[in-house]
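A short write-up of the structure that comes next.
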Amino acid sequence: MQDAPRVAVIGAGPAGIYAADILIKALPEVTVDIFDRLPTPYGLIRYGVAPDHPRIKEIITALHHVLDEPRIRFIGNVDFGVDVKAEELRPFYDATVIATGADRDRDLDIPGIELPGSFGAADFVSWYDGHPDVPREWPLTATSAAVLGAGNVAIDVARILAKTADELLETEIPDNVHRGLAASPVTDVHLFSRRGPAQVKFTPMELREMDDSPNVEVVVHPEGIEFDEGSMATIRGKRSIKMCVDILQNWAAREPRGKQHRIHMHFLEAPVAILGVDGVTGLRTERQELTGDGSVRGTGEFTDWDVQSVYRAIGYRSRPIADLPFDERSATIPHAQGRILDLDGDRVPGMYATGWIKRGPVGLIGHTKKDANETIASLLADLPSLPAAEREDVLGYLHNRGIKFTTWAGWQLLDAHEIALGQPHGRARIKVVPRDHMIGFSHR
Ligand code: NAP
560 MQDAPRVAVI GAGPAGIYAA DILIKALPEV TVDIFDRLPT PYGLIRYGVA PDHPRIKEII
620 TALHHVLDEP RIRFIGNVDF GVDVKAEELR PFYDATVIAT GADRDRDLDI PGIELPGSFG
680 AADFVSWYDG HPDVPREWPL TATSAAVLGA GNVAIDVARI LAKTADELLE TEIPDNVHRG
740 LAASPVTDVH LFSRRGPAQV KFTPMELREM DDSPNVEVVV HPEGIEFDEG SMATIRGKRS
800 IKMCVDILQN WAAREPRGKQ HRIHMHFLEA PVAILGVDGV TGLRTERQEL TGDGSVRGTG
860 EFTDWDVQSV YRAIGYRSRP IADLPFDERS ATIPHAQGRI LDLDGDRVPG MYATGWIKRG
920 PVGLIGHTKK DANETIASLL ADLPSLPAAE REDVLGYLHN RGIKFTTWAG WQLLDAHEIA
980 LGQPHGRARI KVVPRDHMIG FSHR
């Protein structure tokens, strides 16, 4: 092994940046290149966290400090597996860490899912967060919308749909998103959980915050507030669930407050069909009953809800990467302590995984640190026996291949430009959305 090992990290979201941080702290001589298919760093913090969650977006400050470290280079606008294959990059590095996350919607196999007006939450989140690869316009024509799922993404989607556009003006939302939301006729958003209040995946702070808007009333429909023995055991054993249940019970008992928009929360209603011919005209759910251990079964009692759009927020899914093993069932890269395994269970030398592509799309941002610790510990243990990098200049190689990559200095130019766009309006920033504009500002 040469003296100064070089490591590639694929994905400049929190998972990749935490991995790079641990690596440079553990190994004083290592250099790390962090690639991303987007021209900008920060992954789901920039393109997944809702714009009205500035507290979570503040994590960017800590990530910025890591990327500012001279031994780390950010190389954006390079789609790993497409622009550059794993085999092509390998000679430039001693090891590669895959941290590409999960940015697709899980499938929901029910009739009508393909109808216009039926959307995946991840796509909607990408739109309102100004992701360059989704269309600029979103068809916000429904007066009543359904959101499926009882996780924090469902809360984000329901809240952004229900809030008035002007409430979001203090955030970094792009102008096209503000215009789209301002024209939305929605008054009622129905959130459906297939299980009970003790089985939610919400976190208490996010749940409570849904009720903070002066324009949105959260209505909990009491007929779904049911508990079996399994539910009671969960409430006793898990503080966060007890807090969610307390909040939901309080909301179910309170009087209507007459705000202009409503989020209705329905428990024990499982989606079974999206109704409509040329577009969504309704959602059919089947009433569920608790079976004693916190699981549910269908009762055969169906309800049709008058909604004109349906957003499924039932979990994310990672995308496979060309030439790397991928377990389609779990939508993760097979691994042992972060060491990538092929489908026969054999090691793929020098290849590691961390974050959501390693463990699946669950857990808050901080949880990826634990993941990164494990993966980097494996990498450090293996490093003396890995074949050393053979080639030096990846930037020259990318340049010769005609790949218009962006850099850390380029991001700082775009960052300053977005901040300057927001300043006259008293806003922290206004995001630039089209990819070619982002690259243009990064290359000035
Ligand atoms: P999640 O927490 O796994 O929630 C998915 C929800 O979808 C669950 O309620 C699940 O119900 C439901 N679901 C799954 N399959 C379904 C089906 N076929 N029909 C009906 N419902 C179905 O996923 P997420 O909301 O995408 O969140 C992913 C991670 O990001 C979580 O760790 C979350 O906390 C985090 N996150 C955090 C924030 C924040 O502001 N802090 C914001 C967004 C996301 P079952 O439990 O019954 O399967």
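Numbering of the sequence shown is given in the numbering used here, commencing with residue 560 and proceeding in unit increments.
Positions of the beta carbon are idealized from the N, C-alpha and C atoms, including for glycine.
Computed from a predicted model, the values in this text were never measured in an experiment.
Roughly how far, in whole angstroms, is the beta-carbon of residue 583 from the beta-carbon of residue 628, given that I think they are within contact range, below 8 Å?
6 Å
Worksheet item: Helix, strand or coil for residue 847 per DSSP?
Response: strand
Point to revise | 8 Å contact criterion, which residue 964 and residue 631 should meet: CB distance rounded | key: With 8 Å as the limit, residue 964 and residue 631 do not qualify as a contact, their Cβ atoms being about 15 Å apart.
Check: From 713, 651, 668, pick the residue whose C-alpha is nearest to that of residue 680; which is it?
Finding: That would be 713, whose Cα lies nearest to the Cα of residue 680.
Any contact of the stretch 822-842 with the stretch 856-868, i.e. 3+ C-beta pairs under 8 Å? yes
- Message: Restricting to Cα atoms, I'd like to know which of 972, 579, 646, 759 is closest to residue 590.
- Response: Sorting 972, 579, 646, 759 by C-alpha distance to the C-alpha of residue 590 places 579 at the top.
DSSP three-state call for residue 606: helix, strand or coil?
helix
*Cβ neighbours of residue 720 in the same chain (closer than 7 Å, five flanking residues each side left out)*: 704, 745, 748
What residue does the alpha helix (DSSP H) around residue 972 start on, and which one ends it?
-> Membership of residue 972 in the alpha helix (DSSP H) is indicated by the continuous run 967-981.
Notebook entry, point to check: Going by the C-beta, is residue 932 closer than 7 Å to any heavy atom of ligand 1?
Noted result: no
_For residue 899 and residue 943, what's the separation of their Cα atoms in angstroms?_
Computed Cα separation, rounded: 17 Å.
Look at the Cβ atom of residue 740, then the Cβ atom of residue 724, and state whether they are nearer than 8 Å. yes
Discussion item. Below 7 Å, is the gap between the Cβ of residue 674 and the nearest heavy atom of ligand 1?
Written reply: no
According to DSSP, is residue 886 part of a helix, a strand, or is it coil? strand
- Query: Between residue 640 and the rest of its own chain, which residues show a CB-CB distance below 8 Å, the 5 nearest in sequence each way excluded?
  - Reply: Excluding sequence neighbours, residue 640 sits near 880, 881, 882, 883.
Fill in: Nearest-angstrom Cα separation, counted from residue 809 out to residue 659
40 Å
*Cβ of residue 822 within 8 Å of Cβ of residue 764?*
Their beta carbons are not under 8 Å apart, which means residue 822 does not touch residue 764 by this criterion.
Practice item. Could you please give the first and the last residue of the uninterrupted beta strand (DSSP E) stretch that includes residue 706? Key: 703-707
Check: Quick one: what's got a C-beta closer than 6 Å to residue 788's C-beta in the same chain, skipping five residues either side?
Finding: 851
TODO: Evaluate residue 902 with the Cβ neighbour count: other Cβ atoms within 10 Å of its Cβ, from every protein chain shown; 16 or more gives buried, anything less gives exposed.
DONE: exposed
Review point. With burial defined as no fewer than 16 other Cβ atoms inside 10 Å of the residue's Cβ, what is the status of residue 812: buried or exposed?
Key: exposed
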